[in-house]
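> My numbering numbers the first residue of the sequence shown as 496 and each following residue consecutively. All residues carry an ideal CB built from backbone N, CA and C; glycine is no exception. In this text the structure is predicted, and so the values were computed from the model without any measurement. Structure in structure tokens, see below.
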Amino acid sequence: MRHTTFFNLLIICFFIGYLSQTAIAQTNTRVRDLSLEEFYRQILAYHPVVRQANLMTEMGRQELRVARGGFDPKISFDYSRKEFKGTTYYNLVDSKLKVPTWIGDLEIGYNQYHGDFLNPERSQPDAAGQGFLGITVPLGQELIMDARRAVLRQAQFFQEIARADRIKEINKILLSAAKDYWEWYFAYHQYEYLDSAYTLARQRYEGVVISIRLGETAPIDSVDAQSVVQSRNIERRQAEVELQNARIRVSNYLWGDNETPLVLADDLAPEDFLGLSGRPTLPNREDLLNFAAQNHPEIIKLVNKLKQLAVEERLQQANLLPRLDLKYNLLRNIQNVDEQTNLNFQNNYQFGVNFEMPLFLRKERGKLNQVRIKLSQADFELLQLRREILNEVEAAYNELLNSQALIQLLDEITENFRILRDAEVRKYVNGESSLFLINAREAKLIESQIKLEKQKANYEKARATLLWTSGQPFWENLLP
């Protein structure tokens, strides 16, 4: 029997185009999309983890500042006096300015010593005291490398480690954000399809009920139509919960001024899938591998750790040398202003030599060997780390290519299911099919459409994973 009533034809025609038009219609009614780039910008500007990561570079700068403090000039003053029963045992004044340099320490100062029980080595010919200008030069273990220079060089390498840590932490939070963003995209479109399918099933059920009352449709069709409404309502409600939860997860990344947490507005929707060629072109496989091998944050950290250990090795090698310090001070009496000033420093000096060397050097050799062991361990760690990172890049690249191929395949499958559904509708109009078969074809079409959206989300997540795996700071041009 042919279904030729005007009402049935109207319902069927409406049903044919409904699913394909719903997404477009809903897109047109959106207030605006929250694009992935806008999402990234908001995170980079306000997210606490990003702001915390930005402090890492500041920590590196302060570490370098502390190390440079080892070369800060120092001024010192010491005064000591003893009197007992009216006798001045001693009156000691020491003051100096010490300026550390790469070749030794420069000193300029003034001292004044007098008293009845003064140490003979502190006796001075002039009660006004003496001034001095001198230098201390290491000729042994601290000539090439000393602790101050080692700390300074290591602090410079620590700056690179801090920068790498910053990139690593920001990449990590943006990867997590991208995955949740595309889960939101999938949940949003899944709900769109299931809500549209539920609305269509409900309208079809109402049409079937009217058709039964007119005697044009068998009553059993209402049972099938009602069961479809009920099952699709269950799916729609579950999809609605998933969408709500996805929006909550996206809200975790949204912060405003003054550390104010933000909530994703109800009128915001994720951006549409831009297609396989809609986003900026990724570097090819070789470029990604080359970048990761040299510039991955974890590799940069380990390379600079090796550089720090190399500095420590040079310091411990220098400690094997004997300690030999030469000290020379030019002396000058502090004369009264009414006396003749003698600027001749000839034979007015203080000279000293300090020599020190352990006989067995067990402590020094042990420390040197410990550093060399750490260097070997770090070399092995770098070797394994580089291989793991390159393999992860390869795997992520393969996953991206596979996602791309699956999108194309699912797109073709979805189109085929749409053709089959439309053909089943035409057969129903001609009396050669049933509502049950139409619902079955339609269920396959909806399932395929949802799978396609899922794969689109997987493609975008695979793309984000590839950028994270290669360690690229792709977000630098998005910084506020």
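1) Within 8 Å, do at least three Cβ pairs link the region 878 to 886 to the region 784 to 794?
2) If you follow the beta strand (DSSP E) that I570 is in, where does it begin and where does it stop?
3) How long is the line joining the alpha carbons of D906 and L529, rounded to whole angstroms?
4) Quick one: using the 10 Å Cβ neighbour count with 16 as the cut-off for buried, is F653 buried or exposed?
5) Nearest CA to the CA of G989: which residue from E910, K591, V632 and L973?
6) Can you tell me where the beta strand (DSSP E) holding E582 begins and where it ends?
7) For E948, count neighbouring Cβ atoms within 10 angstroms of its own Cβ and tell me buried if that reaches 16, exposed if not.
8) Pair every Cβ in the region 694 to 703 with every Cβ in the region 562 to 575, then say whether three or more of these pairs are closer than 8 Å.
9) Is it buried or exposed for I662, if we count other Cβ within 10 angstroms and need 16 for buried?
10) Roughly how far, in whole angstroms, is the beta-carbon of Q865 from the beta-carbon of S898, given that I think they are within contact range, below 8 Å?
11) Evaluate T582 with the Cβ neighbour count: other Cβ atoms within 10 Å of its Cβ, from every protein chain shown; 16 or more gives buried, anything less gives exposed.
12) What is the rounded straight-line gap between the Cα of L670 and the Cα of T964?
13) Thinking C-beta only, is I945 closer than 8 Å to Y688?
14) Please look up how many angstroms separate the CB atoms of L895 and R958, rounded, as I've assumed it's under 8 Å.
15) Could you check what DSSP says for L826 in three-state terms: helix, strand or coil?
16) For a minimum of 4 consecutive residues, which ranges assigned as the alpha helix (DSSP H) are wholly contained in the region 727 to 791?
17) Check each candidate in V724, L962, D675 and N779 and name the one with the smallest Cα separation from A692.
18) What does DSSP give as the partner residues of E851 in its beta bridges?
19) Spatial neighbours of V632 within its chain, please: CB distance less than 6 Å, with the 5 preceding and 5 following residues excluded, ordered by chain position.
20) I'd like to confirm the pairing. Which residues does DSSP put opposite G626 in its beta bridges?
21) Out of G770, W970 and L974, state which residue places its alpha-carbon closest to the alpha-carbon of L901.
22) Bridge partners for P633 per DSSP, in chain order?
23) Assign G925 to one of two classes, buried (16 or more other C-beta atoms within 10 Å of its C-beta) or exposed (fewer than that).
Taking the coordinates as given:
1) Yes, since at least three Cβ pairs between the region 784 to 794 and the region 878 to 886 fall closer than 8 Å, the two stretches touch.
2) Counting from 1 along the sequence shown, the entry for residue 570 is found at position 75. Counting along the chain, the beta strand (DSSP E) containing I570 begins and ends at K569 to F579.
3) Translated into positions along the sequence shown, residue 906 becomes position 411. Translated into positions along the sequence shown, residue 529 becomes position 34. Using only the alpha carbons, I get a separation of about 25 Å.
4) The residue given as residue 653 occupies position 158 in the sequence shown. Buried.
5) The requested residue 989 is not part of the displayed model; the chain covers only 496 to 975.
6) On the sequence shown, position 87 is the one that residue 582 refers to. Correcting the residue type first, residue 582 is Thr in the shown sequence and not Glu. Unbroken beta strand (DSSP E) run through T582: T582 to P595.
7) Mapped onto the sequence shown, residue 948 falls at position 453. Per the 10 Å Cβ criterion, buried.
8) Verdict: no, contact absent.
9) Here residue 662 refers to the residue found at position 167 of the sequence shown. With 16 or more other Cβ atoms from the protein chains shown falling within 10 Å of its own Cβ, I662 counts as buried.
10) By one-based count along the sequence shown, residue 865 stands at place 370. By one-based count along the sequence shown, residue 898 stands at place 403. Contact between Q865 and S898 is absent: CB atoms are separated by about 48 Å, not below the 8 Å threshold.
11) In the sequence shown, counting from the first residue as 1, residue 582 sits at position 87. Answer is exposed; the Cβ neighbour count stays below 16.
12) Taking the sequence shown and counting its residues from 1, one reaches residue 670 at position 175. Taking the sequence shown and counting its residues from 1, one reaches residue 964 at position 469. It is roughly 10 Å from the alpha-carbon of L670 to the alpha-carbon of T964.
13) In the sequence shown, the residue the question calls residue 688 occupies position 193. In the sequence shown, the residue the question calls residue 945 occupies position 450. With contacts defined by Cβ atoms closer than 8 Å, Y688 and I945 form a contacting pair.
14) Position 400 of the sequence shown, counted from the start, is the residue given in the question as residue 895. Position 463 of the sequence shown, counted from the start, is the residue given in the question as residue 958. Yes, L895 and R958 are in contact; Cβ-Cβ is about 6 Å, under 8 Å.
15) Here residue 826 refers to the residue found at position 331 when the sequence shown is read from its first residue. Note: L826 maps to strand in three-state DSSP.
16) DSSP runs (the alpha helix (DSSP H)) wholly in the region 727 to 791: 780 to 790.
17) Counted from its first residue, the sequence shown places residue 692 at position 197. Cα-wise, what sits closest to A692 is V724.
18) Here residue 851 refers to the residue found at position 356 of the sequence shown. Answer is R818, bridged to E851.
19) In the sequence shown, residue 632 corresponds to position 137, counting from 1. So the qualifying residues of the chain are G599 and L821.
20) Taking the first residue of the sequence shown as position 1, residue 626 is located at position 131. G626 pairs with Y605 and R827.
21) Sequence index remark: in the sequence shown, residue 901 carries index 406 (1-based). For the set G770, W970 and L974, the Cα lying nearest the Cα of L901 is the one of G770.
22) Within the sequence shown, residue 633 is the residue found at index 138, counting from 1. D820.
23) Position 430 of the sequence shown, counted from the first residue, corresponds to residue 925. Strictly speaking, residue 925 in this sequence is Asn, with Gly absent from that position. The residue in question, N925, is exposed, as its Cβ has fewer than 16 Cβ neighbours within 10 Å.
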